[in-house]
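For what it's worth, the numbering used here labels the leading residue of the sequence shown as 20, then goes sequentially. The structure appears below as structure tokens.
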Amino acid sequence: MDRLREKVTIITGGASGIGRATAELFSKEGAFAVIADIDADRGKTVAAEIPNSSFFEHDAGDEGSWKRLMAHVIDSHHRLDVLVNNAAISGIEGPMADPETSSVENWRAVHRVN
């Protein structure tokens with residue numbers, strides 16, 4: 020199981036759900052996984068549980084955060100082989116919410132992150 024042997028990867032939204040599962044799989048396949056997520060507490064915990072991984076606090080909707088993340092990866096690993104752009108938000112809140120009744124702020128936030 021070395022399909023990603025020594026590949027340097029970034030997984031946005033890597034602190035939970037599909038992102039976490041991707042980081043786990045990539046680690047098993049031999050990759051180094053940089054878990055990038057806005058949730059620092061959960062991200063640090065996940066990185067401690069997944070071999071050959073690290074955590075970087077990252078807001079996928081912020082250009083400056085992308086620049087800091089890339090600088091970190093290049094400084095630490097000298098390259099990037101794989102990017103999994105998994106971070107996403109729905110922007111829909113409340114028990115009866117749907118896209119047609121979502122606020123403009125929520126709509127903009129979705130497009131900022133996704």
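For every residue, glycine included, the Cβ atom is placed at its ideal position computed from N, Cα and C.
In or out: R24 buried (at least 16 other Cβ within 10 Å) or exposed?
exposed
Less than 8 Å between the C-beta atoms of S72 and F51, yes or no?
yes
So if DSSP puts T28 in a beta bridge, which residue, or which two residues, is it bridged to?
A52, V101
Do three or more CB pairs link the stretch 25-33 to the stretch 72-89 at distances below 8 Å?
Using a Cβ-Cβ distance cut-off of 8 Å, the stretch 25-33 and the stretch 72-89 are in contact, since at least three pairs of beta carbons, one from each stretch, lie closer than that value.
I'd like to know whether the C-beta atoms of E76 and A59 end up nearer to each other than 8 Å.
Contact flag set, yes.
Would you tell me roughly how many angstroms separate the C-alpha atoms of R127 and A42, rounded to the nearest one?
Cα to Cα, R127 sits roughly 28 Å from A42.
Given a cut-off of 8 Å on the beta-carbon distance, is the pair V103 and V27 in contact?
Result no, Cβ atoms of V103 and V27 do not sit closer than 8 Å.
I need the boundaries of the alpha helix (DSSP H) containing S84, first residue and last residue.
82-96
Name the residue from E119, A79, I54 whose alpha carbon lies nearest to the alpha carbon of P70.
I54
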